[in-house]
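First residue of the sequence shown: 785, per the numbering used here; consecutive thereafter.
Each remark here refers to the structure printed beneath this line.
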Amino acid sequence: MTRVLVVDDDTQLARALRINLRARQYDVDLAPDGATALTVAARFPPDLVILDLGLPDMDGVEVVHALRGWSSVPILVLSARGAQAEKVTALDAGADDYVTKPFGMDELLARIRSALRRSAPSDTDPVIRTEAFTIDLATKRLTTDEGEVRLTPTEWHLLEILVRNPNKLVSQRHLLQEVWGPAYETETNYLRVYIAQLRRKLEPDPSRPRHLLTEPGMGYRFEP
């Protein structure tokens, strides 16, 4: 059974989530604060974390940082903070998705299924090799001549979509919908920021990219 850790100090909301998730055959643990969440996650490793940012003992972003120190578990932020800067901060810290309160249960369940699908390992995931780097999609390892390169979950998701479609134009809209969700399909600045970060980590000369190419006004292309 898939284990979900819900971290939220809103007792009513946490109880409602537990009822809805258990009805769909998820095993659910509840944590009312950050410290409890980290303890529970270490003792009973979850398959997915649903995390509120406004916790009584620490900011939820601190919990994301702490989890990312030892776990690649998908983290879905659920928060009343709707400002773009708040979302970017959480995603940069290592969260995989961001849902703003109030939310529809059907949308949340769809986001949960999507996050779990993305994190599921596959024995058939390919290894992509270029002269500059090697990507093992099964183990989510990226290496260069200098050693292993660490990517955030958001960077991984974006890179994975591109490398699974070699030499093909992937539209801005498609990337934004797949990585951040339908509400972000016009936020092209997200793509510019993350593609720039990936180029700094992967390309020998980020100012003259060889593998992560921009098609102005249309999208991006990965060339092995």
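Yeah, the Cβ is synthetic: ideal placement off N, Cα and C, and Gly gets one too.
Legend entry - Neighbourhood of residue 963 by C-beta, 6 Å cutoff - its chain only, sequence neighbours within 5 removed: 941 and 942
Inset, instruction - Measure the CB-CB distance between residue 996 and residue 975 and report whether it falls below 8 Å. - result: no
Inset, instruction - Could you have a look at residue 955 and say whether DSSP puts it in helix, strand or coil? - result: strand
Legend entry - Spatially closest choice to residue 970 from 805, 977 and 956, by CA coordinates: 956
Legend entry - Among 930, 912 and 801, the one whose alpha carbon lies nearest that of residue 946: 912
Legend entry - Run of the beta strand (DSSP E) containing residue 863, from where it starts to where it stops: 859–863
Inset, instruction - Just mark residue 1006 as buried or exposed, buried being the case when its beta carbon has 16 or more other beta carbons within 10 Å. - result: buried
Inset, instruction - State buried or exposed for residue 859, treating a residue as buried only when at least 16 other CB atoms are found within 10 Å of its CB. - result: buried
Legend entry - 8 Å contact criterion, which residue 812 and residue 847 should meet: CB distance rounded: Their Cβ separation, rounded to whole angstroms, is 17 Å, which puts residue 812 and residue 847 out of contact at 8 Å.
Inset, instruction - Please work out which residues of its chain come closer than 8 Å, Cβ to Cβ, to residue 1011, disregarding the five sequence neighbours upstream and downstream, and give them in chain order. - result: The question about residue 1011 has no answer here: the residues shown for the chain are numbered 785 through 1008.
Legend entry - Coarse secondary structure for residue 837, derived from DSSP in three states: coil
Inset, instruction - Please name the residue or residues paired with residue 823 in a DSSP beta bridge. - result: According to DSSP, which records beta bridges pairwise, residue 823 is partnered with nothing at all.
Inset, instruction - Tell me whether the beta-carbon of residue 861 lies closer than 8 Å to the beta-carbon of residue 888. - result: no
Inset, instruction - Identify the continuous alpha helix (DSSP H) that holds residue 807 and give its terminal residues. - result: 795–807
Inset, instruction - Along the alpha helix (DSSP H) that carries residue 844, what are the first and last residues, could you check? - result: 844–852
Inset, instruction - Consult DSSP for residue 983 and reduce its assignment to one of helix, strand or coil. - result: helix
Inset, instruction - Go ahead and pull the three-state DSSP assignment for residue 935. - result: coil
Legend entry - Cβ-based neighbour list, residue 864, same chain, cut-off 6 Å, excluding 5 preceding and 5 following: 885
Legend entry - Sheet register partners of residue 888 (DSSP bridge): Paired residues: none, contrary to the question.
Inset, instruction - Using 10 angstroms around the beta-carbon of residue 891, count the other beta-carbons present and answer buried if the total reaches 16, otherwise exposed. - result: exposed
Inset, instruction - Determine, using beta carbons only, whether residue 832 and residue 899 come nearer to each other than 8 Å. - result: yes
Inset, instruction - Starting from the Cα of residue 958, find the closest Cα among 939, 1003, 918 and 991 and give me that residue. - result: 1003
Inset, instruction - May I have the straight-line CA-CA distance separating residue 807 from residue 786, to the nearest angstrom? - result: 12 Å
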